[in-house]
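Trainee: Counting from 1, position 50 in the sequence shown corresponds to residue 101 in the working numbering; the numbering is continuous, with no gaps.
Note that the Cβ used here is the ideal one computed from N, Cα and C, for glycine as well.
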Amino acid sequence: MRRFWIWLPFLPLSLFILVAYLVLVPFVVKWLWAWTVPGLFPGAVREGLVARSISWFTAFKLALFLAILSAIVGIRRKG
């Protein structure tokens, strides 16, 4: 119980970092998608095979998928 009180002052900072991460990462993914995909695949975007822009929820899912994938790769390298 005593150890908990030592870390209590850092709780607001940790929550702020978590919320900032949950907001900024999907924003960056959404921005990078809109910036790169139409330029890389103009024909596929024109024909509707690839989305020109993605929703916030899709950006969050993509960021979560990439985080899990990078964690798996990192674990395999350390193994």
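K81: buried (16+ other C-beta within 10 angstroms of its C-beta) or exposed?
Mentor: By the neighbour-count rule (16 or more Cβ atoms within 10 Å), K81 is buried.
Trainee: Look at the alpha carbon of S65 and the alpha carbon of W56, and state the distance between them as a whole number of angstroms.
Mentor: For S65 and W56, the distance between alpha carbons rounds to 15 Å.
Trainee: Does the structure place the region 70-81 close enough to the region 97-115 that three or more beta carbon pairs sit under 8 Å?
Mentor: These segments touch.
Trainee: How long is the line joining the alpha carbons of P63 and A71, rounded to whole angstroms?
Mentor: The straight-line gap from Cα to Cα measures roughly 12 Å.
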